[in-house]
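Visitor:
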Amino acid sequence: MNAWYIAKRVYRQVFRDKRTLALLFLAPLLILSLLTYLFNSTDQARSMHIGVNQVPDNFVAQLEKQDIHVHQYDNSRQIEQKIKDDRLSAFINVTDDTLHVTFANDNPNATTIARQQTQQWLTKANTNQMKTQMQALQATLQKMQNELKAHPEIAKQLGNQTAAKPTHSAQPLTLKTDYLYKGQDATYFDMINPLLIGFFVFFFTFLISGIALLRERTTGTLERLLASPIKRSHIILGYIIGYGTFSFIQTLLIVCFSVFVLNIGVNGSIGYVILITLVIALVALTLGILLSTFAASEFQMIQFIPIVIVPQVLFAGIIPVESMNNILQGFAHIMPLYYAGQALQNVMIRGFGFEAIAVPLAILFAIFIVLLILNMVGMKRYRKV
Numbered sequence: 001m002n003a004w005y006i007a008k009r010v011y012r013q014v015f016r017d018k019r020t021l022a023l024l025f026l027a028p029l030l031i032l033s034l035l036t037y038l039f040n041s042t043d044q045a046r047s048m049h050i051g052v053n054q055v056p057d058n059f060v061a062q063l064e065k066q067d068i069h070v071h072q073y074d075n076s077r078q079i080e081q082k083i084k085d086d087r088l089s090a091f092i093n094v095t096d097d098t099l100h101v102t103f104a105n106d107n108p109n110a111t112t113i114a115r116q117q118t119q120q121w122l123t124k125a126n127t128n129q130m131k132t133q134m135q136a137l138q139a140t141l142q143k144m145q146n147e148l149k150a151h152p153e154i155a156k157q158l159g160n161q162t163a164a165k166p167t168h169s170a171q172p173l174t175l176k177t178d179y180l181y182k183g184q185d186a187t188y189f190d191m192i193n194p195l196l197i198g199f200f201v202f203f204f205t206f207l208i209s210g211i212a213l214l215r216e217r218t219t220g221t222l223e224r225l226l227a228s229p230i231k232r233s234h235i236i237l238g239y240i241i242g243y244g245t246f247s248f249i250q251t252l253l254i255v256c257f258s259v260f261v262l263n264i265g266v267n268g269s270i271g272y273v274i275l276i277t278l279v280i281a282l283v284a285l286t287l288g289i290l291l292s293t294f295a296a297s298e299f300q301m302i303q304f305i306p307i308v309i310v311p312q313v314l315f316a317g318i319i320p321v322e323s324m325n326n327i328l329q330g331f332a333h334i335m336p337l338y339y340a341g342q343a344l345q346n347v348m349i350r351g352f353g354f355e356a357i358a359v360p361l362a363i364l365f366a367i368f369i370v371l372l373i374l375n376m377v378g379m380k381r382y383r384k385v
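In this text, residue positions in the sequence shown follow the UniProt record's numbering: the first is 1, and each later residue adds one.
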């Protein structure tokens, strides 16, 4: 039967291609293992920092019991600045009968945990206060009843007098909340929107540049260039300038569409957003060109996605890196999208200036330079100039 012969040819083709076998059977297991390890080793509370002022000790003990880092402050002035400078998830202070909580709200998961802990303690504190007042009232009534029984003449005198005004009792604490970034209705997607912008710029630039250069090689265009007196460095720079121009246009399109059409908020400068995405596009461009030298077809180029792209997404900040264990945090720090996500969140969510993105940008640019050098060295595989 002809179908069987075609099937056997497919079997032979797949078994000869070790990368395809790895993609089919090993890549899913690797990604599932990584996801399982990430979620099982992630503790959001462990990465939280909360500032407090004039807060009862039992509330502080409750927070510390959840592995939340508590910072004691002498005053509650300039709360917003304290949150920004010390990267706090929330600031809690008590004034009179009010429990005032200011949430940073740059991480909805941390905001939810802080809100739950606050509500839990407040409910317990008010319940205990009411219980104490009821016990005191019962004791007072019992004492009065005993005195009235012992002295009946007092009851007659009290009956002829107007009722005394009730004594003032402690009022239950009320909760007042404020939000530094976004608002009360902020969602998880508000946090990851900057990460998604960086991811799409990285992904499409990586894929298009890698496949385009691979096509240059398979059609013989690259061989003809290598046969000419043009230096390897000039060839690589030429490809980067050429594809980089389209990456620049793509970056502008993605950022402008996200901000002006999808109404994704930018609390900082949109110019910084464009700058960050341009640098990550350059990193993706050089990475795509480098990995294309190890692929023999477009399909093999796509096979790099589970190995290169998926870990980038997981460590970009969708799962807070600070809540991971130390080994995973170290692994995240070699991912370009980690620094891009950090910089984009600082600008788009927190509204920080250039000083907050200078270090991530410098690291991304250093990665770009390293990949550029590796591309020039890798061109020796085809020709020595």
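Cβ coordinates follow ideal geometry from the N, Cα and C atoms, glycine included.
No experiment lies behind these values; they were computed from the predicted model shown.
With distances taken Cα to Cα, identify the nearest neighbour of residue 86 among 6, 70, 344, 300.
Guide: If you number the sequence shown from 1, residue 86 lands on position 86. Ranking the options by Cα distance to residue 86, first place goes to 70.
Visitor: With 16 as the cutoff for other CB atoms within 10 Å, does residue 11 come out buried or exposed?
Guide: Position 11 of the sequence shown, counted from the start, is the residue given in the question as residue 11. Its Cβ having fewer than 16 others within 10 Å, residue 11 is exposed.
Visitor: Tell me the rounded alpha-carbon separation between residue 360 and residue 133.
Guide: Locating residue 360 in the sequence shown gives position 360, where the first residue counts as 1. Locating residue 133 in the sequence shown gives position 133, where the first residue counts as 1. The straight-line gap from Cα to Cα measures roughly 56 Å.
Visitor: So what's residue 272 in DSSP terms, helix, strand or just coil?
Guide: Looking up residue 272 in the sequence shown gives position 272. Of the three classes helix, strand and coil, the one that applies to residue 272 here is helix, per DSSP.
Visitor: I need the DSSP call for residue 242, collapsed to helix, strand or coil.
Guide: Reading the sequence shown from its first residue, position 242 is the one you call residue 242. Residue state, collapsed to three classes: helix.
Visitor: In whole angstroms, what separates the C-alpha of residue 90 from that of residue 50?
Guide: The residue you call residue 90 lines up with position 90 of the sequence shown. The residue you call residue 50 lines up with position 50 of the sequence shown. Using only the alpha carbons, I get a separation of about 5 Å.
Visitor: Can you name, in chain order, every residue of its own chain whose Cβ lies under 8 Å from the Cβ of residue 212, other than the five neighbours on each side?
Guide: Numbered from its first residue, the sequence shown carries residue 212 at position 212. Correct list, in chain order: 243.
Visitor: So what does DSSP say about residue 177, is it helix, strand or coil?
Guide: Taking the sequence shown and counting its residues from 1, one reaches residue 177 at position 177. Residue 177: strand per DSSP, three-state reduction.
Visitor: Measure the C-alpha to C-alpha separation of residue 54 and residue 364 and round it to an integer number of angstroms.
Guide: Along the sequence shown, one-based indexing puts residue 54 at 54. Along the sequence shown, one-based indexing puts residue 364 at 364. Rounded to whole angstroms, residue 54 to residue 364 spans 43 Å at the Cα level.
Visitor: Go ahead and pull the three-state DSSP assignment for residue 99.
Guide: Walking along the sequence shown from the start, residue 99 turns up at place 99. Strand, per DSSP.
Visitor: Go through its chain and collect everything with a Cβ distance to residue 332's Cβ below 6 Å, but skip five positions before and after it.
Guide: Your numbering for residue 332 matches position 332 in the sequence shown. Within the same chain, residue 332 has close Cβ partners 315, 321, 338.
Visitor: Would you decide whether residue 258 is buried or exposed? Buried here means 16 or more other CB atoms lie within 10 Å of its CB.
Guide: One-based indexing of the sequence shown puts residue 258 at position 258. Buried, since its Cβ has 16 or more Cβ neighbours within 10 Å.
Visitor: Can you tell me where the alpha helix (DSSP H) holding residue 330 begins and where it ends?
Guide: By one-based count along the sequence shown, residue 330 stands at place 330. 326-332 is the extent of the alpha helix (DSSP H) around residue 330.
Visitor: Measure the CB-CB distance between residue 210 and residue 291 and report whether it falls below 7 Å.
Guide: Here the question's residue 210 lines up with position 210 in the sequence shown. Here the question's residue 291 lines up with position 291 in the sequence shown. Taking 7 Å as the Cβ cut-off, residue 210 and residue 291 qualify as a contacting pair.
Visitor: Please classify residue 369 as buried or exposed, where buried requires at least 16 other C-beta atoms within 10 Å of its C-beta.
Guide: The sequence position of residue 369 within the sequence shown is 369, counting from 1. Answer is exposed; the Cβ neighbour count stays below 16.
Visitor: Identify the continuous beta strand (DSSP E) that holds residue 341 and give its terminal residues.
Guide: Your numbering for residue 341 matches position 341 in the sequence shown. First-last for residue 341: 336-348, but that is the alpha helix (DSSP H), not the beta strand (DSSP E).
Visitor: In angstroms with no decimal places, state the Cα-to-Cα distance between residue 107 and residue 79.
Guide: By 1-based counting over the sequence shown, the position of residue 107 is 107. By 1-based counting over the sequence shown, the position of residue 79 is 79. If I take the Cα positions, the gap works out to 18 Å.
Visitor: Where do the ends of the beta strand (DSSP E) carrying residue 51 lie?
Guide: Within the sequence shown, numbered from 1, the residue matching residue 51 stands at position 51. Element bounds for residue 51: 49-53.
Visitor: Give me whichever residues DSSP pairs with residue 71 in a beta bridge.
Guide: Locating residue 71 in the sequence shown gives position 71, where the first residue counts as 1. 51, per the DSSP bridge assignment.
Visitor: Leaving aside the five residues before and after residue 379 along the sequence, list all residues of the same chain whose C-beta is less than 7 Å from its C-beta, in chain order.
Guide: If you number the sequence shown from 1, residue 379 lands on position 379. Excluding sequence neighbours, residue 379 sits near 232, 235, 236.
Visitor: Please report how far the alpha carbon of residue 143 lies from the alpha carbon of residue 47, in whole angstroms.
Guide: The sequence position of residue 143 within the sequence shown is 143, counting from 1. The sequence position of residue 47 within the sequence shown is 47, counting from 1. Roughly 52 Å between the two C-alpha positions.
Visitor: With distances taken from CA atoms, which of 67, 88, 95 is nearest residue 75?
Guide: Stepping through the sequence shown from its first residue, residue 75 is reached at position 75. Looking at the Cα atoms, 95 is the closest of the given residues.
Visitor: By the 10 Å Cβ neighbour count, where 16 or more other Cβ atoms means buried, how is residue 295 classified, buried or exposed?
Guide: Here the question's residue 295 lines up with position 295 in the sequence shown. Its Cβ being crowded by 16 or more others within 10 Å, residue 295 is buried.
Visitor: Take the Cβ of residue 190 as the centre, count every other Cβ of all protein chains shown within 10 Å, and call the residue buried at 16 or more, exposed below.
Guide: If you number the sequence shown from 1, residue 190 lands on position 190. Per the 10 Å Cβ criterion, buried.
Visitor: Helix, strand or coil for residue 211, going by three-state DSSP, please let me know.
Guide: Your numbering for residue 211 matches position 211 in the sequence shown. Residue state, collapsed to three classes: helix.
Visitor: Can you tell me whether residue 167 is helix, strand or coil according to DSSP?
Guide: Residue 167 sits at position 167 when you count from the first residue of the sequence shown. For residue 167, the predicted model reports a pLDDT of 48, less than 50, meaning its position is unreliable; a value from the coordinates is still stated below. Three-state result, residue 167: coil.
Visitor: For the segment 195-205 against the segment 299-313, are there 3 or more C-beta pairs whose distance is under 8 Å?
Guide: Judged by Cβ distances under 8 Å, the segment 195-205 makes contact with the segment 299-313, as three or more pairs qualify.
Visitor: On the DSSP letters alone, give me the boundaries of the alpha helix (DSSP H) that residue 85 sits inside.
Guide: As a first step, residue 85 must be located in the sequence shown, where it is residue number 85. 79-86 is the extent of the alpha helix (DSSP H) around residue 85.
Visitor: Where does the unbroken alpha helix (DSSP H) through residue 376 begin, and where does it stop?
Guide: For the purposes of this step, residue 376 is taken as residue 376 along the sequence shown, with counting starting at 1. First-last of the alpha helix (DSSP H) with residue 376: 358-378.
Visitor: Using a Cβ distance threshold of 8 Å, determine whether the segment 254-271 contacts the segment 215-228, with at least three qualifying pairs required.
Guide: No, they do not touch.
Visitor: Terminal residues of the continuous alpha helix (DSSP H) containing residue 60?
Guide: Sequence index remark: in the sequence shown, residue 60 carries index 60 (1-based). Counting along the chain, the alpha helix (DSSP H) containing residue 60 begins and ends at 57-65.
Visitor: If you pair each beta-carbon of the segment 338-356 with each one of the segment 299-311, do three or more pairs fall below 8 Å?
Guide: They do not touch, by the three-pair rule.
Visitor: Look at the alpha carbon of residue 120 and the alpha carbon of residue 188, and state the distance between them as a whole number of angstroms.
Guide: Locating residue 120 in the sequence shown gives position 120, counting from the first residue. Locating residue 188 in the sequence shown gives position 188, counting from the first residue. Going from the Cα of residue 120 to the Cα of residue 188 covers about 22 Å.
Visitor: With C-beta atoms as the reference, is residue 101 less than 7 Å away from residue 174?
Guide: Along the sequence shown, one-based indexing puts residue 101 at 101. Along the sequence shown, one-based indexing puts residue 174 at 174. Cβ distance not < 7 Å, so residue 101 and residue 174 don't count as in contact.
Visitor: Can you tell me the Cα-Cα spacing of residue 182 and residue 105, whole angstroms?
Guide: Residue mapping note: residue 182 aligns to position 182 of the sequence shown, counting from 1. Residue mapping note: residue 105 aligns to position 105 of the sequence shown, counting from 1. Approximately 7 Å between the Cα atoms of the pair.
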